[in-house]
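A short write-up of the structure that comes next.
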Amino acid sequence: MRFEIRGENRLGITRDVINVLTDQGLDIRAFEVTTHHIYADIPAVRPERFLLLSHALKQIPGIFDITEIDRLPTERRRAQLHATLAALGDPVIAVDANGLIAQANPAAQAISATPEKQLRDQDIASILIEPSIEDLRHSGFRLPEREVTLGGQTYLLQVEPIGHVDDGSDSADDAPWGGVMVFHRPARLGRVITALQDRSHTGFDDIIGTSRAMLRVKSQAERLAAIDAPILILGETGTGKELFARACHRASTRADQPFLALNCAAMPEGLAESELFGYAAGAFTSARRGGKPGLLELADGGTLFLDEIGELTPYLQAKLLRVLQDGRFRRVGGTDEITVDVRIISATNRDLEAMSHDGTFREDLYFRLNVLGITLPPLRDRIEDIADLAAFFIDRTAQQTERSTPKLARDGLDWLCTHDWPGNVRELENTLFRAVALLDGNTLGARDLADAASGTARTPETPAQSTSETAKDAATPAAEHPDLIATALAQSDFNSGMDLLEHEMLARLYPDYPSSRKLADRLGVSHTSIANKLRKYGIGS
23 MRFEIRGENR LGITRDVINV LTDQGLDIRA FEVTTHHIYA DIPAVRPERF
73 LLLSHALKQI PGIFDITEID RLPTERRRAQ LHATLAALGD PVIAVDANGL
123 IAQANPAAQA ISATPEKQLR DQDIASILIE PSIEDLRHSG FRLPEREVTL
173 GGQTYLLQVE PIGHVDDGSD SADDAPWGGV MVFHRPARLG RVITALQDRS
223 HTGFDDIIGT SRAMLRVKSQ AERLAAIDAP ILILGETGTG KELFARACHR
273 ASTRADQPFL ALNCAAMPEG LAESELFGYA AGAFTSARRG GKPGLLELAD
323 GGTLFLDEIG ELTPYLQAKL LRVLQDGRFR RVGGTDEITV DVRIISATNR
373 DLEAMSHDGT FREDLYFRLN VLGITLPPLR DRIEDIADLA AFFIDRTAQQ
423 TERSTPKLAR DGLDWLCTHD WPGNVRELEN TLFRAVALLD GNTLGARDLA
473 DAASGTARTP ETPAQSTSET AKDAATPAAE HPDLIATALA QSDFNSGMDL
523 LEHEMLARLY PDYPSSRKLA DRLGVSHTSI ANKLRKYGIG S
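First residue of the sequence shown? That's 23 in the working numbering, and the numbers climb one at a time after it.
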């Protein structure tokens, strides 16, 4: 039986309790003492004897109460620790200062194919070659993350120290008595990256558009998303291909797995290869020690979105074809084959079928990618959606620039609906951002939008002169919202209209913050970025 004794915190009370237990000839299996509490585990005590024992213990001065309990505090903490470790999907192994395994959670036992009783007190070197116990001790059981192999699988290893040895010597005060080794699978890191990068949780219902063209393509995409096969999304630039890719992922059976993306046109072949396939240790001079997993490994079990797939070089096309055929590939500079289960969603604004006919894109890869196909309509084919899109972008820009949401005038909406949008929804978004950011009134008219679309800045007029302003004090000047500058500085895809906005706002703020460092601190952006912008516009020189 296990029981708890509550009493005063006086000197000798624990000795008095032990004397009573000894006088009754009881064999104590476990005994724990904390302030005001004494815990005992005595197998010989049965319920009928517990009443007599309790009466004898209460005769001790300062004893308040004796209660039966199911577990001692140490047992409870140990059970909680085991439950916590068992809940972790990643292998976790604790080792002592000599490299002997003290504890291994179920995931580690499964990977090593050894039960914990057999693992306990084994040398860690029996299941893990690198790092050695000498490396662990030398680092104080603090190592930067590195790639290791455990049970034939690749992990990123994280090591943290446990406790300290106190042997009375000054040199041992900071010496840990062991460490905890946590082995992270790349796919688990991929889920973390996905959670950090994609907070919108965009689904098909969140995609703006009720036109016949959009309702048709959303319905089609939702049906195809449930089929676990590659999807090729076609459409002009700015039609929302990545938005649909994310919605397809969230509507698939892989929704709780990673979603990662790579723009195939944004980097040279070598960099794209290492990003996609990863690289082995020592693959090149600047390679990270231990190698690096690529997006295919990080997205294992989930979805990998390849934007601008038509820009892949023939060499990378061949490597990607192998992945689509059997899920296997080798890292850059590696010899071991890695197997992954990844759904590929690709997108392009180019005619892949024509490219496959003229030899600029592999025909076999085209057929592998185009198992399921979605073609997104351009904005000119969904004019009915422009009003809803404009309302959304105007409201979002107003929030970003910390101003009241302006009203879209009738002539402004007419202008939006008749304007040619070669950049589609992205161009519409950028035009409205510039128009709202530069607006001095509280109504967006056709002239405001035309100026924003052409990238020109108009001198503010008086209320009587302006066709888009209904009240002189309806809006705060843009330069009084420095957060807008930070937003503008972070946007790399706006054209010359954004340059005008940056120049105007930096010129107005510089007299109050007359140095690049002061201005950078005020805006919350990097000093280098501000210095470059001031130099670019000749401000403060």
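By construction, the Cβ of each residue, glycine as well, lies at the ideal position given by its N, Cα and C atoms. The structure presented is a predicted model; accordingly, all values stated were derived computationally and were not measured.
Suppose contacts are defined by Cβ-Cβ distances below 8 angstroms. Is residue i in contact with residue j by that definition?
i, j, result
"LEU317", "GLU333", "no"
"THR224", "ARG272", "yes"
"ASP363", "ASP322", "yes"
"LEU178", "PRO153", "no"
"ARG448", "GLY260", "yes"
"ALA108", "PRO137", "no"
"ILE249", "LEU394", "yes"
"ASN41", "THR57", "no"
"TYR61", "PRO83", "no"
"PRO113", "ILE133", "yes"
"THR440", "ALA475", "no"
"PRO280", "GLY324", "yes"
"GLY200", "THR397", "no"
"LEU103", "ALA126", "no"
"GLU182", "VAL214", "no"
"ALA376", "LYS263", "no"
"ALA235", "PHE266", "no"
"ARG93", "ALA101", "yes"
"HIS160", "GLN180", "no"
"ALA269", "PHE226", "yes"
"LEU48", "ALA66", "yes"
"ASN120", "ILE149", "no"
Since residue i and residue j are thought to touch, with beta carbons under 8 angstroms apart, how far apart are those beta carbons, to the nearest angstrom?
i, j, result
"CYS286", "ILE331", "6 angstroms"
"ILE367", "ILE255", "7 angstroms"
"ILE27", "VAL39", "6 angstroms"
"GLU295", "LEU346", "No, GLU295 and LEU346 are not in contact; Cβ-Cβ is about 16 angstroms, not under 8 angstroms."
"PHE25", "ILE88", "6 angstroms"
"ALA457", "ASP470", "5 angstroms"
Whole angstroms is fine: what's the gap from residue i's alpha carbon to residue j's?
i, j, result
"TYR559", "GLU526", "10 angstroms"
"LEU374", "TYR388", "7 angstroms"
"PRO336", "ARG384", "7 angstroms"
"VAL354", "LEU450", "41 angstroms"
"ALA135", "PHE415", "55 angstroms"
"ARG245", "ARG210", "28 angstroms"
"GLY292", "GLU169", "21 angstroms"
"ARG352", "GLY212", "19 angstroms"
"ALA147", "PRO290", "41 angstroms"
"GLY162", "ILE64", "41 angstroms"
"GLN46", "LEU122", "41 angstroms"
"VAL204", "ILE115", "7 angstroms"
"LYS80", "GLY29", "9 angstroms"
"GLY356", "LYS314", "11 angstroms"
"THR275", "ALA247", "9 angstroms"
"PHE327", "ALA283", "4 angstroms"
"ALA553", "ALA542", "8 angstroms"
"LEU401", "ASN392", "24 angstroms"
"ARG68", "MET23", "7 angstroms"
"GLY434", "ALA340", "49 angstroms"
"LEU545", "PHE299", "38 angstroms"
"ASP534", "LYS540", "9 angstroms"
"PRO444", "LEU172", "52 angstroms"
"PRO166", "ALA288", "30 angstroms"
"TYR532", "GLY562", "7 angstroms"
"ILE184", "ALA420", "51 angstroms"
"LEU237", "GLY231", "7 angstroms"
"ARG71", "ASP143", "40 angstroms"
"LEU411", "PRO399", "15 angstroms"
"ARG37", "GLU54", "13 angstroms"
"ASP473", "LEU556", "25 angstroms"
"ILE151", "THR176", "13 angstroms"
"GLY564", "HIS59", "Given that the chain is displayed from residue 23 to residue 563, the structure contains no residue 564 and the question cannot be resolved."
Verify the CB distance criterion: does residue i have a CB-CB separation below 8 angstroms to chain C?
i, result
"LEU43", "The structure shown contains no chain C; it is built from a single protein chain."
Any chance the segment 459-474 sits against the segment 423-434, with 3 or more Cβ pairs inside 8 angstroms? In short, these stretches touch, since the Cβ pair count reaches three.
Is it the case that the segment 393-410 contacts the segment 354-362, given that we only count it when at least three CB pairs across the two stretches are under 8 angstroms? Contact fails: fewer than three Cβ-Cβ distances are below 8 angstroms.
Suppose only complete runs of 4+ residues qualify. What are the alpha helix (DSSP H) ranges in the segment 78-111, listed by chain order? Entirely contained in the segment 78-111, the alpha helix (DSSP H) runs reaching 4 residues are, in chain order, 95-109.
Counting only runs that start and end within the segment 372-427, where is the beta strand (DSSP E) found for 3 or more residues in a row? Restricted to the segment 372-427, the beta strand (DSSP E) segments that are unbroken, complete and at least 3 residues in length are 394-397, listed in chain order.
Mind listing, in chain order, the continuous alpha helix (DSSP H) runs of no fewer than 4 residues lying wholly within the segment 428-481? 432-440, 446-460 and 468-476, all fully within the segment 428-481.
Can you check the segment 258-331 for any alpha helix (DSSP H) of at least 4 residues that lies completely inside it and give the ranges in chain order? Entirely contained in the segment 258-331, the alpha helix (DSSP H) runs reaching 4 residues are, in chain order, 263-272, 291-299 and 317-320.
Whole alpha helix (DSSP H) elements within the segment 133-212, 4-residue minimum: The qualifying runs are 138-141 and 155-160.
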